[in-house]
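Residue numbers for the sequence shown, in this note's numbering: 43 to 499. Glycine included, C-beta positions come from ideal geometry on N, C-alpha and C.
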Amino acid sequence: MTLSTPSTPTSTADSAYAAQPLDEAAYDRRRLRQWLAGEARAAGVARRDVLRLAGAAGLAATVPALGGGLPGAHAGTAPGAAPGTAPGGTQGIAPRIAPGIVKPLPDDVFTVRGTNAETRFEALAATGRLTPASHFFVRNHTTTPRIDAGTWRLTVWGDGLTGGAHEFTLADLKRLPSASRTAFVECAGNGRGLFTTQQGQQASGTAWTLGAVGQAHWRGVRLADVLRRAGLARHAVDVMPRGLDDGYVTADGTDLGRVRRPLPLAKALDDVLLAYEMNGEPLPPDHGHPVRVVVPSWIGVASVKWVGDIEVSATPLYSPWNTDFYRLFGPGHPPQGSAPLTRQTLKSAFELPWHARFEAGTRHRLTGRSWSGGGAVDHVEISTDNGGTWRRARLHDAPRRGSWVRWSADWHPRTPGPGVLLARTTDTTGRTQPATTAFNTQGYLFDAVVRHPVTVE
Ligand SMILES: Nc1nc2c(c(=O)[nH]1)N[C@H]1C(S)=C(S)[C@@H](COP(=O)(O)O)O[C@H]1N2
Ligand SMILES: [Mo]
Numbered sequence: 043m044t045l046s047t048p049s050t051p052t053s054t055a056d057s058a059y060a061a062q063p064l065d066e067a068a069y070d071r072r073r074l075r076q077w078l079a080g081e082a083r084a085a086g087v088a089r090r091d092v093l094r095l096a097g098a099a100g101l102a103a104t105v106p107a108l109g110g111g112l113p114g115a116h117a118g119t120a121p122g123a124a125p126g127t128a129p130g131g132t133q134g135i136a137p138r139i140a141p142g143i144v145k146p147l148p149d150d151v152f153t154v155r156g157t158n159a160e161t162r163f164e165a166l167a168a169t170g171r172l173t174p175a176s177h178f179f180v181r182n183h184t185t186t187p188r189i190d191a192g193t194w195r196l197t198v199w200g201d202g203l204t205g206g207a208h209e210f211t212l213a214d215l216k217r218l219p220s221a222s223r224t225a226f227v228e229c230a231g232n233g234r235g236l237f238t239t240q241q242g243q244q245a246s247g248t249a250w251t252l253g254a255v256g257q258a259h260w261r262g263v264r265l266a267d268v269l270r271r272a273g274l275a276r277h278a279v280d281v282m283p284r285g286l287d288d289g290y291v292t293a294d295g296t297d298l299g300r301v302r303r304p305l306p307l308a309k310a311l312d313d314v315l316l317a318y319e320m321n322g323e324p325l326p327p328d329h330g331h332p333v334r335v336v337v338p339s340w341i342g343v344a345s346v347k348w349v350g351d352i353e354v355s356a357t358p359l360y361s362p363w364n365t366d367f368y369r370l371f372g373p374g375h376p377p378q379g380s381a382p383l384t385r386q387t388l389k390s391a392f393e394l395p396w397h398a399r400f401e402a403g404t405r406h407r408l409t410g411r412s413w414s415g416g417g418a419v420d421h422v423e424i425s426t427d428n429g430g431t432w433r434r435a436r437l438h439d440a441p442r443r444g445s446w447v448r449w450s451a452d453w454h455p456r457t458p459g460p461g462v463l464l465a466r467t468t469d470t471t472g473r474t475q476p477a478t479t480a481f482n483t484q485g486y487l488f489d490a491v492v493r494h495p496v497t498v499e
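Next up, the structure:
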């Protein structure tokens, strides 16, 4: 993280948090035990829904009692989204419009999947280390809201503050020291479709291939600075940002409320940003205008868009997005699911269309990208003989935590016919992409080596 101005001195109360170790695994185990023991409250979800959802997820444990304390409507919302209206009309070929996404979605850049848009990896070949907003995937639970930055307010509230609720305008945030960093945002379900096409397994959810990922330079303020200004108390444990988009209603009609997911305080105080700029421009509507959370290296849902309020809590918080969703369910996992997912796994992708064609007897330059939520990319290998031999790809970016690396390798195919291209990365933790990924019913964290089909002719 680059701080453009030195951060303000911290109070003694704050240093207690700074000293708190960031042990995500321990945090998750503790929260899971508390959930099972019924200590936590399921914020914002009606009790009957918690019971039903717990049943559906095979949760045999006590369902937590509901706590109150949720504020009502939020200031600064201008819902009235204009779903399906692309600005600037259509020039030339009419771009595809997904319900609820504002920006144009040209066919050569995106695959529309329900309310979401997946970036075609071959379209990234024309982009640099940063993904322009025009090429950045969109994952919307509902529709992109149109929010007026002038009337927008961020409310920080909860029993984890020393005093009452605190409101920030965008101008207030911009007066704080700015902080920026380059980070990818990747959906936990990125690659889900490959469970089916590569492993013959059917997972629920959007059947993304590899394009539910993008990397931008985010600029804003440190969440830590905002929490401190709001009066963070010593006994705070969780922080839960919530979006201003419409509540999410499941297929069977259950309203789960607005998108929200708790973060452990240690992560919230570490490297999390409240971003108001993406690649040097104000955030575009589809990516969270005017302010979104950016949680580097963690699964995309942690990076709440259109943030309107942040609950700071003295007790563990739960939402459907860390209980029924974004855990691993299925064979090999406990009935209540794994601990809530935090960091992303690692992946590699060629900047090629599926079934790309190559001329035999010519040298071709293969390009792609690799990334990991576990650490920086250490190296990338490719195989053009179905995994028989592997060789190192040339890296084109200095590997950094939370960022992807562009790479290339030359290939001189000689024999016409169908084939597969393989790429795999190893990160600085020593983890390498495996041949297969253990199945989970919601298809999260696919990280196996992808068998990219090509034809030599
Ligand atoms: N408020 C809100 N925040 C959200 C979402 C959403 O639907 N609403 N989707 C989440 C998910 S699942 C992902 S993967 C990322 C996607 O960010 P992007 O659309 O900017 O690519 O946003 C996250 N933040
Ligand atoms: Mo996601």
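Give the secondary structure of residue i by DSSP, where H, G and I count as helix, E and B as strand, and everything else as coil.
i, result
"GLU499", "coil"
"THR457", "coil"
"GLY247", "coil"
"ASP294", "coil"
"SER176", "helix"
"VAL343", "helix"
"HIS331", "coil"
"ILE311", "At residue 311 the sequence reads Leu, which differs from the Ile that was named. DSSP places LEU311 in coil when its eight states are reduced to three."
"GLN240", "helix"
"ASP366", "coil"
Pull up the distance between the alpha-carbon of residue i and that of residue j, whole angstroms please.
i, j, result
"VAL151", "HIS177", "6 Å"
"ARG271", "GLY342", "26 Å"
"VAL498", "GLY461", "7 Å"
"ARG473", "GLY205", "44 Å"
"GLY247", "ARG234", "8 Å"
"ARG300", "GLU353", "13 Å"
"VAL419", "PHE392", "16 Å"
"PRO373", "ALA207", "44 Å"
"LEU45", "ARG334", "Unreliable placement is indicated for LEU45, whose pLDDT of 42 sits below 50; the coordinate value is still reported in the next sentence. Going by the C-alpha atoms only, they are around 18 Å apart."
"ASP267", "GLU319", "17 Å"
"LEU370", "THR457", "42 Å"
"ALA344", "GLY192", "25 Å"
"THR161", "PRO395", "11 Å"
"GLY285", "LEU196", "10 Å"
"LEU325", "TRP432", "41 Å"
"TYR360", "ALA167", "40 Å"
"VAL154", "THR185", "14 Å"
"GLY330", "HIS454", "44 Å"
"ASP251", "ALA278", "Per the sequence shown, residue 251 should be read as Thr rather than Asp. Approximately 39 Å, taken between the alpha carbons."
"ILE424", "GLN475", "12 Å"
"ASP452", "HIS438", "14 Å"
"PRO141", "GLY156", "8 Å"
"PHE163", "THR365", "31 Å"
"ILE143", "ASP313", "29 Å"
"GLY273", "HIS375", "39 Å"
Compute every distance between the C-beta of residue i and the non-hydrogen atoms of ligand 1, then say whether any falls below 7 Å.
i, result
"ARG448", "no"
"HIS438", "no"
"TRP348", "yes"
"HIS454", "no"
"HIS329", "yes"
"HIS183", "yes"
"VAL301", "yes"
Could you tell me how far apart the beta carbons of residue i and residue j are, in whole angstroms, since I believe they sit closer than 8 Å?
i, j, result
"GLY253", "PHE226", "Going by Cβ atoms, the distance from GLY253 to PHE226 rounds to 12 Å, so no, they are not a contact pair."
"GLY322", "GLY485", "About 34 Å; that fails the 8 Å criterion."
"SER412", "TRP449", "6 Å"
"ARG500", "LEU315", "No answer is possible for residue 500: it lies beyond the span of the chain, which begins at 43 and ends at 499."
"SER339", "GLY444", "5 Å"
At a cut-off of 7 Å, is residue i close to ligand 2 when judged by its beta-carbon and the heavy atoms of the ligand?
i, result
"ALA275", "no"
Subject >> Start-end ranges of the beta strand (DSSP E) lying completely within the stretch 209-238, minimum 3 residues >> reply: 221-228
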